Each structure stands twice: as structure tokens, then as C-alpha cells.
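Peer 1: Take a look at the following structure, please.
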Amino acid sequence: MSAPAHTPSSAVPHVALEARILAVGDRVLPYLGPGLALVLGAVALGRRSLDVGEAAAVAAAQGSFSDVVERALSDDPARAGYLALLQPVVAWNDAEHWVRLPSVLAAVVAAIAVYRLGRRLAGRHAGAAASIILATSLGVVLLSRAVGPLALALATMLVSSALFARAVERGNPVWWAVYAVSAALLPLTHPIAAAALGAQVLALVAARREVNLRLAVPAVAVATVECAFFLAAAAIDRADAADGAGSLELGDVGAGIGRAVGWSPVVAALAVWGALVLFRRAEHGQGLWKPVLVTGLAVVPLLAVLLAGLGLPVYPRSALTVAAGGACLAAGVGLVSIRDRALRLVTLAALAVVAVAALATAATDAPQEDWRAAARIAREKTTARDTVVVLPARAQAAFAYYAPGIRTSLVGRGAGVTVVVAGDPVTAAAAARQVVAPPRYALLSAEPAGSRLVVQRWIRP
386 MSAPAHTPSS AVPHVALEAR ILAVGDRVLP YLGPGLALVL GAVALGRRSL
436 DVGEAAAVAA AQGSFSDVVE RALSDDPARA GYLALLQPVV AWNDAEHWVR
486 LPSVLAAVVA AIAVYRLGRR LAGRHAGAAA SIILATSLGV VLLSRAVGPL
536 ALALATMLVS SALFARAVER GNPVWWAVYA VSAALLPLTH PIAAAALGAQ
586 VLALVAARRE VNLRLAVPAV AVATVECAFF LAAAAIDRAD AADGAGSLEL
636 GDVGAGIGRA VGWSPVVAAL AVWGALVLFR RAEHGQGLWK PVLVTGLAVV
686 PLLAVLLAGL GLPVYPRSAL TVAAGGACLA AGVGLVSIRD RALRLVTLAA
736 LAVVAVAALA TAATDAPQED WRAAARIARE KTTARDTVVV LPARAQAAFA
786 YYAPGIRTSL VGRGAGVTVV VAGDPVTAAA AARQVVAPPR YALLSAEPAG
836 SRLVVQRWIR P
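With the numbering used here applied, the sequence shown covers 386 to 846.
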């Protein structure tokens, strides 16, 4: 009998084409996470107005470089490194999208670093998965669109941890020295970044039989001493901070943990599974430092916030987002460790659906503080005989950013008073009464400019 027309040789071109597509996809994998971080961070950078914290950071970065750094080291050491990076941007152009751009670039660096670290710990596919999960995490995307040090802190934590992993495996003095420098700079970005050093110390204890302790211990010791000095200075400065942070509450801690996993139960489950996989791969203690490092990057920030919250005002909702580095690393390992192909594809689809839903929900949320609208309302209602009061006092930088031509006062005077109140709208009228002294003035109108910003008009009755 003659052979059928569709001989095996006819399938060779299709197999070769599929192999080429797979090869191209494999080469593109390392760039998917950073590319997504860049796109998601850069989208609509100038759509939302600066909030109180962002405007305060921009105001703190104004002036000459030496003045900004000196003022930051003396008055705000927790943000000294970030303000030093922000100052050249503000000096060049202080538009909303430009002052937020450093955070976008920091998110891109974080995606690159988490890929490098994941590749070293569990292979390139685990690194690529971790990078993509990190780039699409809602908490990380929100950090990348904000003026603030936390995106830089996350990037620094992951870069330092990647250098630590390289130093452990290479074991030469150069890499330990480079790692020591990176770890010593951690608290300059934000105090929470020093949690990465805690994770690295735990990993070094687990790897004590695999590294040259004569090189590793001095490197970690130098970084620890430097971090201790910066943390002490930040704690002293933070003790009497008047930025509105309150005492530690479990609800805020839960929200911070939710942001760390991108509000995705799939990421949380994969992170637990990935950590277990890494622990199971460590045979007789060999390679135990890998799961300890990953778990530490996810857990130590939580312990640090809980410890700091006992005596200092903290913002756990935002600070705990940096735990996304460890959570996404573990989730990436967990995803590629699923052996059943169908289950792996279903899990990947669930990850994508939750991430898209979270990002879409965040994009459609109404702004809490629309200072652009508040400035417009104040300009429309205020006359030359009126005064404008902004409450609380720390919010004056946000108002001045959008209404630089309007002078503000500490108390209400003149024929009418426009009071811009940031915070709970329920207590806005009570806060305004402290500066308008009723019954001299009566409340005429109150217009919202976001869910937590009200512009009130008070006149003489």
C-alpha cells in the first residue's frame, strides 16, 4: 500500500514554526513584567490631582539640591533619599506627570529585580511569573502612580535582595561589598525598606554552612549598623509627627496586607504554595536560605509595622504594600510549580481576571481629594475682601500647588471666608468653626471636591 498523502514530513514546518514561536516567547519573558509596569504606571499619570502627602513631598523637594538634602536629613530623614532623587525633577518641571514619573521608573526597576531574584532562586520562568504578577498587582500600580518613597523603597528592597542572593552564590568579596552598600541605603528610601535587611539576616543564618562567613558577616554587620543609625533618627523624628497618622488599627493592617497581595486571593494562595514548594526543595538544609529570604520579604515588613506601631504613628495601609515583593516572588514560584497543565492555565486565567477587575475598579473610583477642583471652587467664590483658610495646616501645600495666586490665612476675616477642609466630611463643619468663630459667620454652602475634601463658604449674617 502507498503511504498516505499527509506523511509525518508534512508536519515538520508546523513543528518548526511552533518551536520558533516558543523560542521568541521565551526570550521575551524577562521583559513582560517591566513592560507592564511601565505601561500601567504611566497610564493617566496626570489625571488625578496630587493629594496632601504628594503635594507635601513636592514642596519639600523645592530649592537647591544641597538645601533639600540638608533639610531632609534634619527634618525628615525617613524620606531623605527619595527627596534627593525628586529634587532634580521638581527643579526641571513640577507638573503632576513629571513628579510621579520617578515612582513609575522605580516600579520598572522592581519588576526587573524581582525577575532576577526569582530566576536565581527558582528558574527563569518563576522569575518571569513573579515579575508579571508584581507589575499587575493593584497595590504596586497605585504606588507607581503616586509621589512618594514607597515605590522606590520596594525597588531598593528587591535590588538589595537580588544582590544578596548573588553574593551568596558567587561568594567573592566584590559582590558582598556591593550588597553591603545597597543594604546600607535601604532606610534612606523609607524606614520600612529596612525590613529587607531583616529578611536577609534570617537568610544568612539559614545559609551559614553554604557561605564564607568571614565575608558575609562583616557585610551584613556594616549594613545593620548603618540602618540602625538611620532608623533611630527616623524614629526620633517620627515620634512627634503631625501628618495625621493615628495609632495602629487592625483594620488598617488588614488593608495593608490586602494591598500587598493586590487584593487577589489567588496571589495569596499561590504565595503560600510557592513558599511550601521552596521549603520542600531545601534538602538537609541545603538551599534553605532561599525560602527563608522569600518568606522574610513578605512577613518581616508586617512584623516591622506591628513593632513600630506600638510607639509611633504609622500608615500600615500604604507601608505594608512593600511586602508585595516577597508575596509575588512566592506566587511566581507557586504558579510554575503546578504540574497539571490545565490547572496551571486555569490559575493563570484567574490571576488575570482578578488583576484586571481590581485595576478597572481602581480606575473608576472617585477621587478622595480633588485639589484641582477645590482650587477652582475657591477662585470662583472668593473676592478681594474675603479670606481663604485651609485645614488642616499640612494641607496648605496641596492648595498652594493648584492655586498659587491665592493667599491663605490661619483664621477667617473679611466679608466672607472660604474654608477648604481635608478629611472626614462629617466633621468638616466642626473643624471650620474653630477658624470662623460663629456666630460672626454663618455657613452658606459646602461643595465636595472628592469624598474627603469639602469647600465651605461662610458669610457674615
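All C-beta atoms in this analysis are idealised placements derived from N, C-alpha and C, irrespective of residue type, glycine included.
Because the structure is a prediction, the values reported are computed rather than measured.
#1: Could you tell me whether the Cβ atoms of Pro558 and Leu523 are closer together than 8 Å?
#2: Near Glu554, which residues of its chain fall below 8 Å by C-beta distance, leaving aside the five closest residues on each side in sequence?
#3: Using DSSP with H/G/I as helix, E/B as strand and the rest coil, what is Gly438?
#4: Could you tell me which residues DSSP pairs with Leu828 in its beta bridges?
#5: Please classify Trp648: is it buried, with 16 or more other beta-carbons within 10 angstroms of its beta-carbon, or exposed?
#6: Are Trp756 and Gly797 close, meaning C-beta to C-beta below 8 Å?
#7: Kindly indicate which three-state DSSP category His575 falls into: helix, strand or coil?
#8: Under 6 Å Cβ to Cβ from Met386, same chain only, skipping five residues before and after it: list those, please.
#9: With 16 other CB atoms within 10 Å as the buried threshold, where does Phe614 fall?
#10: Can the beta-carbon of Val721 be found less than 8 Å from the beta-carbon of His510?
#11: Can you tell me where the alpha helix (DSSP H) with Ala465 in it begins and where it stops?
#12: Who does Thr793 pair with in a DSSP beta bridge?
#13: Report the three-state DSSP secondary structure of Ala807 (helix, strand or coil).
#14: Would you be able to state if there are at least three C-beta pairs under 8 Å between the stretch 659-670 and the stretch 473-491?
#15: With DSSP collapsed to three states, give me the class of Gln585.
#16: For Val646, does the three-state DSSP call read helix, strand or coil?
#17: Three-state secondary structure (DSSP) at Gln671?
#18: Looking at Ala515: is its Cβ nearer than 8 Å to the Cβ of Val525?
#19: Provide the residue(s) that pair with Val494 in DSSP beta bridges, ordered along the chain.
#20: For a test of the three-state rule: what should DSSP assign to Leu838, helix, strand or coil?
#21: Does DSSP put Val428 in a helix, in a strand, or in coil?
#22: Distance, Cα to Cα, Pro824 vs Thr793?
#23: Could you name the residues of the same chain whose beta carbon sits closer than 7 Å to that of Ala618, not counting the 5 residues immediately before and after it, in chain order?
#24: Quick check: the Cα distance between Asp460 and Pro701, rounded to an integer number of angstroms?
#25: Is the stretch 571-585 touching the stretch 687-698, taking contact as three or more C-beta pairs under 8 Å?
#26: Measure from the alpha carbon of Ala429 to the alpha carbon of each residue in Arg412, Gly508 and Glu481, then state which is nearest.
#27: Report yes if the C-beta distance between Ala495 and Leu543 is below 8 Å; otherwise report no.
#28: What's the gap between the Cα of Pro777 and the Cα of Arg412?
#29: Cα-Cα, which of Gly681, Val563, Gly694 and Glu634 is closest to Cys713?
#30: Sort Ala457, Ala759, Leu795 and Gly801 by Cα distance to Thr768 and report the nearest one.
#31: Please state whether DSSP places Pro698 in a helix, a strand or coil.
#32: Thr541: which of Ala562, Ala513 and Ile497 sits nearest, CA to CA?
#33: Quick check on Gln472: buried or exposed, where buried means 16 or more other Cβ atoms within 10 Å of its Cβ?
#34: Using a Cβ-Cβ cutoff of less than 8 Å, which residues in the same chain neighbour Gly448 once the five nearest sequence positions on both sides are dropped?
#35: Hey, is the stretch 670-679 in contact with the stretch 731-744, meaning 3+ C-beta pairs nearer than 8 Å?
Peer 2: The short version:
#1: Stepping through the sequence shown from its first residue, residue 558 is reached at position 173. Stepping through the sequence shown from its first residue, residue 523 is reached at position 138. Their beta carbons are not under 8 Å apart, which means Pro558 does not touch Leu523 by this criterion.
#2: Within the sequence shown, numbered from 1, the residue matching residue 554 stands at position 169. Residues Arg505 of the same chain have their beta carbon placed closer than 8 Å to that of Glu554, with the five preceding and five following residues left out of the count.
#3: Walking along the sequence shown from the start, residue 438 turns up at place 53. Secondary structure at Gly438: helix, using DSSP grouped into helix, strand and coil.
#4: Working through the sequence shown from its first residue, we reach residue 828 at position 443. Leu828 has Trp843 as its beta-bridge partners, per DSSP.
#5: Walking along the sequence shown from the start, residue 648 turns up at place 263. Label assigned to Trp648: buried.
#6: Translated into the one-based positions of the sequence shown, residue 756 becomes position 371. Translated into the one-based positions of the sequence shown, residue 797 becomes position 412. The answer is no: Cβ separation not under 8 Å.
#7: Reading the sequence shown from its first residue, position 190 is the one you call residue 575. The answer is coil: DSSP assigns His575 none of H, G, I, E or B.
#8: Locating residue 386 in the sequence shown gives position 1, where the first residue counts as 1. Legend: pLDDT at Met386 = 46, less than 50; position of this residue unreliable, value from coordinates given subsequently. Sequence-distant Cβ neighbours of Met386 in its own chain, meaning closer than 6 Å and more than five residues away, do not exist here.
#9: Here residue 614 refers to the residue found at position 229 when the sequence shown is read from its first residue. Exposed, because fewer than 16 other Cβ atoms sit within 10 Å of the Cβ of Phe614.
#10: To locate residue 721, count along the sequence shown from 1; it is residue 336. To locate residue 510, count along the sequence shown from 1; it is residue 125. Yes, they are a contact pair.
#11: The residue given as residue 465 occupies position 80 in the sequence shown. Taken as a continuous stretch (DSSP letters only), the alpha helix (DSSP H) holding Ala465 covers Ala465 to Trp477.
#12: Sequence index remark: in the sequence shown, residue 793 carries index 408 (1-based). DSSP lists Val773 as partners of Thr793.
#13: Numbered from 1 along the sequence shown, position 422 holds the residue referred to as residue 807. Residue state, collapsed to three classes: strand.
#14: Segments in contact, no.
#15: Locating residue 585 in the sequence shown gives position 200, where the first residue counts as 1. When DSSP states are grouped into helix, strand and coil, Gln585 belongs to the helix group.
#16: The sequence position of residue 646 within the sequence shown is 261, counting from 1. Secondary structure of Val646 (DSSP, three-state): coil.
#17: Start at 1 with the first residue of the sequence shown, and residue 671 comes out as number 286. Reduced to three states, the DSSP call for Gln671 is strand.
#18: Working through the sequence shown from its first residue, we reach residue 515 at position 130. Working through the sequence shown from its first residue, we reach residue 525 at position 140. The answer is no: Cβ separation not under 8 Å.
#19: On the sequence shown, position 109 is the one that residue 494 refers to. In DSSP, Val494 forms no bridge with anything.
#20: On the sequence shown, position 453 is the one that residue 838 refers to. Assigned with DSSP and collapsed to three states, Leu838 falls in strand.
#21: Counting from one through the sequence shown, the residue named residue 428 turns up at place 43. The answer is coil: DSSP assigns Val428 none of H, G, I, E or B.
#22: By one-based count along the sequence shown, residue 824 stands at place 439. By one-based count along the sequence shown, residue 793 stands at place 408. Between Pro824 and Thr793, the C-alpha separation is close to 22 Å.
#23: For the purposes of this step, residue 618 is taken as residue 233 along the sequence shown, with counting starting at 1. Only residues of its own chain outside the window of five on either side were considered, and among them Pro462 have a CB closer than 7 Å to the CB of Ala618, listed in chain order.
#24: In the sequence shown, residue 460 corresponds to position 75, counting from 1. In the sequence shown, residue 701 corresponds to position 316, counting from 1. Straight-line measurement puts the Cα of Pro701 at about 22 Å from the Cα of Asp460.
#25: When Cβ pairs closer than 8 Å are counted between the two stretches, the stretch 571-585 is seen to touch the stretch 687-698, the count reaching three or more.
#26: The residue labelled residue 429 in the question sits at position 44 within the sequence shown. Here the closest residue by C-alpha is Glu481.
#27: Here residue 495 refers to the residue found at position 110 when the sequence shown is read from its first residue. Here residue 543 refers to the residue found at position 158 when the sequence shown is read from its first residue. Yes, these two residues count as a Cβ contact at 8 Å.
#28: Reading the sequence shown from its first residue, position 392 is the one you call residue 777. Reading the sequence shown from its first residue, position 27 is the one you call residue 412. C-alpha of Pro777 to C-alpha of Arg412: approximately 52 Å in a straight line.
#29: Position 328 of the sequence shown holds residue 713. When only C-alpha atoms are compared, the closest one is Gly681.
#30: Start at 1 with the first residue of the sequence shown, and residue 768 comes out as number 383. The option with the nearest alpha carbon to Thr768 is Gly801.
#31: Counted from its first residue, the sequence shown places residue 698 at position 313. The answer is coil: DSSP assigns Pro698 none of H, G, I, E or B.
#32: The residue you call residue 541 lines up with position 156 of the sequence shown. Minimum Cα-Cα distance from Thr541 among the listed residues Ala562, Ala513 and Ile497 corresponds to Ile497.
#33: Locating residue 472 in the sequence shown gives position 87, where the first residue counts as 1. With 16 or more other Cβ atoms within 10 Å, it is buried.
#34: Taking the sequence shown and counting its residues from 1, one reaches residue 448 at position 63. If we look at Gly448 and ignore the five residues flanking it on each side, its Cβ neighbours are Arg456 and Gln472.
#35: Counting Cβ pairs under 8 Å, fewer than three are found: no touch.
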